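Counting in my numbering, the sequence shown runs from 30 upward without gaps. Everything on this sheet refers to the single structure shown next.
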Amino acid sequence: MITALLLFWPALAALLVLLLKGQAARTVAFVAALIEFAISLVALVGFNSASGSMQMALSFPWIESLGIGFTIGMDGISLLMVLLTTFLVPLIVLSSFRHPVKNPNAFYALILFMQTGLIGVFVSLDAFLFYFFWELALIPVYFIAAIWGGARRVPVTIKFFVYTIFGSLFMLAAFVYLYLQTPGNHSSEVFAFYNLNLSSESQSWIFWFLFIAFAIKMPVFPFHTWQPDTYTESPTQATMLLSGIMLKMGIYGVLRWLLPVVPYGVSQWADVVLVLSIIGIIYASIIAIRQRDLKRLIAYSSIAHVGLIAAGIFTLNEQGLQGGVIQMLSHGINVVGLFFIIDIIFSRTNTREITSLGGITQHAKALSICFMILLLGSVALPLTNGFVGEFLLLSGVFQYNYWFGGVAGLTIILGAVYMLRMFQGVMFGPKSVATEVFTDLTLNEKAVLIPLVIMVFWIGLFPNTFLSISEPAVGNLLNIINR
């Protein structure tokens, strides 16, 4: 029942938060998020990391006449995504304590409802249950961005909503077709889909229906155009949720519902996906170099990082898949930390323009250290979390094709260019009018950043802590794909 508790606890807490006001709402939301993290640690302790099968599973009929069940469970990949979600959400809630929030009960309840949707995506083993939670996770972040976002929040969030709904319809159509292909009374369980014997023609179009849905959420070039504006106009907490956790839904969907369901379709179109992913890496990196707005720069850097993850996953080898899983963790940690630091700088200077900043290291030593550590993790410096994932991903891509690997490897060089130039422009040099008076990190800000900094080094120094959890599940996934 622990998987069910992980799933429903945030929703129950959200209902309670809706009844509260002011500081009580944010306090209860934070405590509820901490309890959720504690539950996930209990699940980790009880998890058999040597097994690649589903564990802590729960299944009962949902729409029995149609063969649709409420089936949930976790393997190593699912568990790592659940741990990432439950680790980041308390920090995201805590990051909002620095400023008063309008309608705090609704704001924090939406975050907790979104957490339920995210956990549901990562533990669902039924296609229509997965689709339900996929849509459920979208609704809260839409309202958070639309209500608490910037000046252009309404058109930007509408664009985001239209993009994601468009992709979801493709996914639903593919799921309905797969469901109708199952024998007998039909079943929408993931293992029933794995056992289908589909023609190569069917697998080809199903691949594109599912890939478009997941590529929009990740996002992969050319389905990325909603992302920079949405990240920029959303409030910081929504940007953290979108970049740190929600985009992982798309990558996870590829691993769980695309690669093992239509392996022939994947083998037919893998080269195309790798080309799109590598184009996205180069394109987003070049655009990031030209950015002057800090938030947009990190938004484009995220597209580049996700492009490498997608390329590694579609190599269909162990290094690429393991690299994709560990990089999902690393990217979530780094990008949440970077967006929070940008919010700290904006709150003190009222600007995100790199040319209007400078000299912050003269005032803020602690902020400078945390910023540099998270930045070095993002550019994959050895001994940091980003190095582990990018090394495995590039190794997987090189095994697949040397040319693809060589071009994809430019992400390290280009990433260092735009990240270090950003740091130099913001933190070094003479003080500007905006940074003339700049205070260092508060206790609240340290409480958010220190756990993230610890994880940068933990994953970088002891990656097997996490790789050993996902390795059996990745092996099982490869067995299903290659059978």
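The beta-carbon is built from N, C-alpha and C at its ideal position, and this holds for glycine as well. Keep in mind that this is a model prediction, so the values were computed, not measured.
For Met357, tell me which candidate among Met85, Glu474 and Ser272 has the shortest Cα-Cα distance.
Ser272
Taking 8 Å as the threshold, find out whether the stretch 488 to 501 comes into contact with the stretch 131 to 140 through three or more Cβ pairs.
Touching, no.
Flag this pair as yes or no: are the beta carbons of Gly454 and Gly387 separated by less than 8 Å?
yes
Mark Ser80 as exposed unless 16 or more other C-beta atoms lie within 10 angstroms of its C-beta, in which case mark it buried.
exposed
Under the rule that 16 or more other beta-carbon atoms within 10 Å means buried, what is Lys277, buried or exposed?
buried
Residues bridged to Gly98 (per DSSP)
Answer is Pro90, bridged to Gly98.
Mapping the DSSP letters down to three states, classify Met484 as helix, strand or coil.
helix
Taking the straight line between their C-alpha atoms, what separation do you get for Gly366 and Phe116?
13 Å
Using a 10 Å radius around the Cβ and a threshold of 16 neighbouring Cβ atoms, would you call Ser314 buried or exposed?
buried
Residues bridged to Glu382 (per DSSP):
Asp322
Comparing C-alpha positions only, which one of Leu345, Arg319, Gly98 and Phe161 sits nearest to Ile509?
Leu345
Determine which residues share a DSSP beta bridge with Gln84 and list them.
The partner list for Gln84 (beta bridge, DSSP) reads Met103.
For the alpha helix (DSSP H) containing Ile68, name the first residue and the last one.
Gln52 to Val74
Would you decide whether Ala463 is buried or exposed? Buried here means 16 or more other CB atoms lie within 10 Å of its CB.
buried
Beta-carbon separation (whole angstroms), Val522 vs Ile362, contact threshold 8 Å:
Limits of the chain in this structure are 30 at one end and 512 at the other, which puts residue 522 out of reach.
Extent of the continuous alpha helix (DSSP H) run through Ile173
Ala156 to Trp177
For Glu419, is the classification buried or exposed, using 16 other Cβ atoms within 10 angstroms of its Cβ as the cut-off for buried?
Buried, since its Cβ has 16 or more Cβ neighbours within 10 Å.
Smallest Cα separation from Asn473: which of Leu34, Trp286, Ala502 and Arg127?
Arg127
Helix, strand or coil: which one does DSSP assign to Ser217?
coil
Taking the alpha-carbon positions, what's the Tyr447 to Ala86 distance?
44 Å
Beta-carbon within less than 7 Å of Arg381's beta-carbon, same chain only, minus the 5 sequence neighbours each way: which residues are those?
Asp322, Leu323, Lys324, Ile371 and Phe375
For Ile241 and Phe190, believed in contact at Cβ under 8 Å, the rounded distance
Incorrect: roughly 16 Å between the Cβ atoms, too far for contact.
If I measure Cβ to Cβ from Ala203 and keep anything under 6 Å in the same chain, skipping five residues before and after, which residues do I get?
Ile235, Phe238 and Leu239
In angstroms with no decimal places, state the Cα-to-Cα distance between Tyr281 and Val219.
14 Å
Tell me whether Ser228 sits in a helix, a strand or coil according to DSSP, three-state version.
coil
Cβ pair Leu167, Ala61 closer than 8 Å
With respect to the 8 Å criterion, Leu167 and Ala61 are not classified as neighbours on the basis of their beta carbons.
Assuming Met456 is part of the alpha helix (DSSP H), what are its boundary residues?
Leu439 to Met456
What are the boundary residues of the alpha helix (DSSP H) that Pro184 is part of?
Segment Arg182 to Gln210, the alpha helix (DSSP H) holding Pro184.
Leaving out five residues before and five after Val291 in sequence, what residues of the same chain have Cβ atoms less than 6 Å from its Cβ?
Answer for Val291: Gln232, Ile235 and Phe236, listed in chain order.
In this structure, does DSSP put Ser153 in helix, strand or coil?
strand
If we call anything under 8 Å between Cβ atoms a contact, is Ala409 one with Ile310?
no
Let's test the definition: count the other Cβ atoms within 10 Å of the Cβ of Ile442 and tell me whether it reaches 16, buried, or not, exposed.
The residue is exposed, with fewer than 16 neighbouring Cβ atoms inside 10 Å.
Inter-residue spacing [alpha-carbon to alpha-carbon] between Leu123 and Val477
Taking the straight line joining both Cα atoms gives about 7 Å.
Would you report the Cα separation of Ala175 and Met269, rounded to the nearest angstrom?
Met269 has its alpha-carbon roughly 15 Å from the corresponding atom of Ala175.
Endpoints, the alpha helix (DSSP H) within which Val417 is located:
Asn414 to Tyr429
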